[in-house]
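Heads up: the sequence shown begins at 15 in this note's numbering, then just goes up one per residue.
Below: the structure, in structure tokens.
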Amino acid sequence: MSRKTIIAGNWKMNKTAGEARELARELSAAVDKLSQKDLPQIVLCPTFTSLPAVTTTLTGNKKLAVGAQNMDYRDNGAFTGEISAPMLLDLGVQYILIGHSERRQFFGETDLTVNQKLKAALKHKLVPIVCVGESLDEREGNLTDKVVAKQVAGALQDIAEQELESLIIAYEPVWAIGTGKSCDSEEANRVCGLIRTTINEYYKTSGKPGDKVPVLYGGSVTPANCEEQLAKPNIDGSLVGGASLKAPDFVAIIEAGAKRVARTPQVV
Ligand code: 13P
């Protein structure tokens, strides 16, 4: 049985609530026109301020779910400016991006905070999309495998194998994000496989939980390169930045996801 196909759009710090509502409407109308049989799971991740507009627009839509881009790991308290899992759930948010490289780079996210947030997401039944990936210096220093394995193992600290059911990982090499230089699909496939092996080695059980975890690729994904990426056995979906802000581009990537679904029986 193969893993679920997921196409997620990370809108980053773009769009006012009105603009986000418009894009969600446009996407929803376009997705309605596609064959519903083979649709992948689609996740839209707008800014916090656009979450109510987008969740309201997509109410009852099973194929387009909403994710947030970050959260605090605590439920409430004196943490000015932060937003918690219960607050996101209250808005109808179902997915959460954790440890995006921009958060690691610019906002002090570490393997420890990623682990804390992952635990909070699992506790509250938000579906976590944990992002990992090496910088250009690390790749050039032949450290890719070491860095990615460390980030994966760091995220999983003290998390029981049975809790992993909803986990999604995204491999996003930092040097490929927003640069137009996407990772070669063969190499992306190799690292996505390494992520799965790392999970299996971390748990050392016969259950091989890593084999069940969907691993997405992200980093300059476009309508032109997504099909080749999604044809690789270890790549179960796309985490899309820039191209997710334009409805026709994102719909084209969703259609490539649908081709993967049609080729492979999906886990429900
Ligand atoms: P781009 O698709 O713009 O390279 O961004 C990728 C990304 O960071 C998605 O989370």
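Every residue, glycine too, gets a C-beta built ideally from N, C-alpha and C.
The model shown is predicted, which means the values in this text are computed figures rather than measured ones.
- With fewer than 16 other Cβ atoms from the protein chains shown falling within 10 Å of its own Cβ, R277 counts as exposed.
- E116 and V166 have their C-alpha atoms roughly 17 Å apart.
- Considering only L140, S196, T219 and P223, the residue with the shortest C-alpha distance to C240 is S196.
- With contacts defined as CB atoms closer than 8 Å, K131 and Y87 qualify as a contacting pair.
- Residue state for N239 is assigned as coil, using DSSP reduced to three classes.
- Counting only runs of 4+ residues, the alpha helix (DSSP H) found wholly inside the stretch 74-105 occupies 99-104, in chain order.
- Contact between the stretch 54-65 and the stretch 148-157 is absent: fewer than 3 CB-CB pairs across the two stretches fall below 8 Å.
- In this structure, DSSP gives P54 a state outside helix and strand, which the three-state scheme calls coil.
- L244 sits close to A270, with the two beta carbons spaced by under 8 Å.
- For V146, the enclosing beta strand (DSSP E) starts and ends at V141 to V146.
- Of the candidates I268, L230, K226 and Y217, I268 places its Cα closest to the Cα of P237.
- Residue environment for Q55: buried (at least 16 other C-beta atoms within 10 angstroms of its C-beta).
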